[in-house]
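Quick note, our numbering runs 8 ahead of the 1-based positions in the sequence shown.
For glycine and all other residues, C-beta sits at the position ideal for the given N, C-alpha and C.
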Amino acid sequence: MKALERFFGKHSDIAMVLLVLGVLVVLFAPIPSPLLDFLILTNFSFAFLILLLTFYMARPVEFSTFPSLLLIATLFRLSLNVAATRLILSDGDAGRVIGAIGAYVVGGNYVIGLIVFLILIVVQYVVVTNGAQRISEVAARFTLDSMPGQQMSIDADLNMGFIDQAEAQRRRKNIEKEAGFYGAMDGASKFVKGDAIAGIIILLINIIGGLVIGVMQHKLPWYQALRTYSLLTIGDGIVTQVPALIIAVGTGIIVTRSASDGNLSQEVLRQITSFPKTLLLVGAALTGLLFFPGIPALPTLILIAAVGAVAWVVYRSKGSPAEEGPDAAGDAQGVDGLAEAAKTEEDPYASLQVEPIEVHVGSQWAALVNQPGSVLMERIVTFRKQHAQDLGLVLPRVRFKDAVRLGADRYEIHLDGVICGRGEVRADKVLAIHPAGKMDGVPGEPTRDPTYGLPALWIDEQHRAAAVAGKYTLVDAPTVFMTHLTEVLRRESATLLTRAEADRLLNRVR
């Protein structure tokens with residue numbers, strides 16, 4: 009691919025312009041029959057290439073140039089029709105490819121050749137093209153309708169910190185490309201439909217025009233004129249409609265594809281072999297078909313053997329992991345032991361996840377957080393309800409995380425990964441705060457109130473009476489933390505009001 013890019017370099021746009029101009033030249037200028045043979049074979053190759061690309065694309069958007077290529081291919085095919093018509097009507101000869109295909113398909117019977125051509129037109133126009141056009145219309149409409157929701161989902165993930173700005177931009181571009189692709193496919197599918205109609209009209213023009221020219225100008229008998237021009241016309245129709253049918257099939261495949269991680273062949277094989285019992289049922293149905301009189305035995309037996317072989321291979325491949333399980337490897341723990349080991353294995357991505365409200369705590373916080381029905385957790389639930397009633401904003405859940413880097417009694421309050429407050433709480437002591445800022449009269453550890461920064465003491469329960477007598481305000485450990493947490497959350501409520509939360513609030517009041 010890089011070699012091709014270096015070969016064409018910056019002049020690739022000029023090459024594309026020259027290609028389109030060449031198609032227009034073929035449409036309006038006469039060309040010799042050897043050149044027409046070369047262009048017809050090129051048309052075959054290009055159509056087959058497009059069909060193969062639709063199989064190997066994992067997502068339809070990866071082939072975003074398909075609508076433009078479809079227009080160019082349709083215009084190229086119609087120009088070949090016009091060039092072949094000019095040669096057929098003027099010289100009674102349209103090259104070796106058209107003559108060979110016409111003689112092979114007709115096979116001495118012009119009615120059969122005409123019927124084959126009409127069947128190709130019906131298959132392309134009625135079956136493939138109409139279905140692809142309808143799917144393109146529905147896909148374009150649903151893609152456009154889902155764009156606002158997808159944009160809001162990206163904004164919500166960005167605000168919650170799940171993705172960064174670069175990833176959000178990439179997702180928005182993918183949505184725009186998908187909408188543009190399906191919108192273009194909605195219009196491009198009409199080219200395929202119009203091409204089928206043009207094929208029928210060109211066929212009638214060639215036969216009628218050839219008959220008139222052969223009889224009136226070349227003085228041929230009508231049956232000889234019909235024979236000559238019908239053979240060439242049918243050959244021309246076949247060599248142009250077969251590539252058209254191939255591209256129509258490619259159009260149908262690409263608009264019916266859903267997003268996946270592999271190409272179409274891999275996905276079809278994986279999904280068909282996901283249920284091997286269905287293959288056995290197919291084999292049983294074919295076996296029952298053998299009992300019908302007149303059914304050929306050899307092809308039926310070949311199909312039964314093929315289906316049975318595929319089912320056996322699938323069953324064997326699904327059963328092999330179980331045979332190579334823990335017992336075969338000599339693992340004494342067995343499946344349960346492996347499951348427990350998998351559960352205890354630390355997820356490396358868990359440490360990267362950022363919650364809206366996180367509290368990092370030291371090792372001595374287990375008594376406050378992990379006990380069933382702890383006072384601290386009940387107060388957090390009550391505060392969230394009260395905050396929703398007062399401000400109309402439902403706060404996210406408060407997540408506690410162990411942080412070995414912190415002291416045993418310390419904590420940090422994080423909002424979207426940013427530290428908004430830190431402090432210390434002694435679960436076995438009481439915080440004593442004097443209105444005048446006194447620090448004497450009661451034995452304790454000097455500290456500061458984490459919420460307002462007032463001087464305070466951590467005292468033991470046995471000194472509670474002395475602190476009360478000294479006019480100290482006593483606050484237990486859960487209350488100290490809750491006062492700090494509620495003050496931080498009330499102060500930072502504006503940062504917690506994300507677009508997703510605003511959308512939920514609007515939906516509730518609509």
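Legend entry - First and last residue of the uninterrupted beta strand (DSSP E) at Leu465: In the sequence shown, the residue the question calls residue 465 occupies position 457. Its beta strand (DSSP E) spans residues Pro463 to Ile467.
Inset, instruction - From the DSSP output, in three-state form, read off Pro307 for me. - result: As a working note, residue 307 is residue 299 in the sequence shown. In this structure, Pro307 counts as helix in the three-state DSSP scheme.
Inset, instruction - Identify, in the order they occur along the chain, each residue of the same chain with its Cβ nearer than 7 Å to the Cβ of Phe84, setting aside the five sequence neighbours on each side. - result: By 1-based counting over the sequence shown, the position of residue 84 is 76. Answer for Phe84: Val31 and Asn51, listed in chain order.
Inset, instruction - Reducing DSSP to helix, strand and coil, say where Pro329 ends up. - result: Taking the sequence shown and counting its residues from 1, the one referred to as residue 329 is at position 321. Confidence is the limiting factor: at Pro329 the pLDDT is only 40, short of 50, which leaves the residue's position unreliable and the question unanswerable from this model.
Legend entry - Cβ-based neighbour list, Ala256, same chain, cut-off 6 Å, excluding 5 preceding and 5 following: Numbered from 1 along the sequence shown, position 248 holds the residue referred to as residue 256. Same-chain partners within the cutoff: Gln132, Val136, Thr137 and Val200.
Legend entry - Closest by C-alpha distance to Asn214, when choosing among Gly243, Phe189, Ala187 and Lys198: Here residue 214 refers to the residue found at position 206 of the sequence shown. Ranking the options by Cα distance to Asn214, first place goes to Gly243.
Inset, instruction - Using only the heavy atoms of the ligand COA, determine whether one of them is closer than 8 Å to the beta carbon of Tyr112. - result: In the structure on display, the ligand COA does not appear, and there are no ligands present to speak of.
Legend entry - Distance, Gln159 Cα to Pro68 Cα: On the sequence shown, position 60 is the one that residue 68 refers to. On the sequence shown, position 151 is the one that residue 159 refers to. Using only the alpha carbons, I get a separation of about 20 Å.
Legend entry - Gln341 in three-state terms, based on DSSP: Here residue 341 refers to the residue found at position 333 when the sequence shown is read from its first residue. Annotation note: pLDDT 39 at Gln341 (below 50); position unreliable, no value reported.
Inset, instruction - Tell me whether Tyr419 sits in a helix, a strand or coil according to DSSP, three-state version. - result: Here residue 419 is taken as the residue at index 411 of the sequence shown, counted from 1. Strand, per DSSP.
Inset, instruction - With a cut-off of 8 Å on the beta carbons, I'd call Leu504 and Leu403 a contact; round off their distance for me. - result: In the sequence shown, counting from the first residue as 1, residue 504 sits at position 496. In the sequence shown, counting from the first residue as 1, residue 403 sits at position 395. Indeed, because the Cβ distance is near 6 Å, the residues count as touching under 8 Å.
Legend entry - CB of Pro443 within 9 Å of CB of Pro454, strictly: Within the sequence shown, residue 443 is the residue found at index 435, counting from 1. Within the sequence shown, residue 454 is the residue found at index 446, counting from 1. The answer is no: Cβ separation not under 9 Å.
Inset, instruction - For the stretch 133-189, list the alpha helix (DSSP H) runs that are entirely contained and at least 4 residues long, ordered along the chain. - result: 138-168
Inset, instruction - Given a cut-off of 9 Å, decide if Gly370 and Ala416 are closer than it, judged by their beta-carbon atoms. - result: Taking the sequence shown and counting its residues from 1, one reaches residue 416 at position 408. Taking the sequence shown and counting its residues from 1, one reaches residue 370 at position 362. Yes, Cβ-Cβ distance for Ala416 and Gly370 is below 9 Å.
Legend entry - Range of the contiguous alpha helix (DSSP H) that encloses Ala55: Within the sequence shown, numbered from 1, the residue matching residue 55 stands at position 47. Note, Ala55: alpha helix (DSSP H), Ser41 to Tyr64.
Inset, instruction - For Met490, count neighbouring C-beta atoms within 10 Å of its own C-beta (all shown protein chains included) and say buried if the count is 16 or more, exposed if not. - result: Mapped onto the sequence shown, residue 490 falls at position 482. The residue is buried, with at least 16 neighbouring Cβ atoms inside 10 Å.
Legend entry - Expected contact under 8 Å - CB spacing of His492 and Gly425 to nearest Å: Here residue 492 corresponds to residue number 484 of the sequence shown, with the count starting at 1. Here residue 425 corresponds to residue number 417 of the sequence shown, with the count starting at 1. Not confirmed; about 19 Å, so no contact.
Legend entry - Terminal residues of the alpha helix (DSSP H) in which Lys285 lies: Position 277 of the sequence shown, counted from the first residue, corresponds to residue 285. Residues Pro284 to Leu297.
Inset, instruction - Assuming Leu128 contacts Gln249 (C-beta within less than 8 Å), just tell me the rounded distance between them. - result: Taking the first residue of the sequence shown as position 1, residue 128 is located at position 120. Taking the first residue of the sequence shown as position 1, residue 249 is located at position 241. Their Cβ separation, rounded to whole angstroms, is 5 Å, which keeps Leu128 and Gln249 in contact under 8 Å.
Legend entry - Of the residues Glu495, Ala81 and Leu152, the one placed nearest Tyr460, counting alpha carbons only: Residue numbering aside, residue 460 sits at position 452 when the sequence shown is read from its first letter. Among Glu495, Ala81 and Leu152, the Cα nearest to that of Tyr460 is on Glu495.
Inset, instruction - Could you say which of Asn117, Ile143, Tyr190 and Val124 lies nearest to Thr151 if we only look at CA atoms? - result: Along the sequence shown, one-based indexing puts residue 151 at 143. Cα-wise, what sits closest to Thr151 is Tyr190.
Inset, instruction - Under 8 Å by Cβ, that's how I've got Tyr419 and Trp466 pegged, so tell me the actual separation to the nearest angstrom. - result: Indexing the sequence shown from 1 puts residue 419 at position 411. Indexing the sequence shown from 1 puts residue 466 at position 458. Wrong, their Cβ atoms sit about 15 Å apart, outside the cutoff.
Legend entry - Beta-bridge pairing of Lys409 - partner residues as DSSP gives them: Walking along the sequence shown from the start, residue 409 turns up at place 401. Lys409 pairs with His368.
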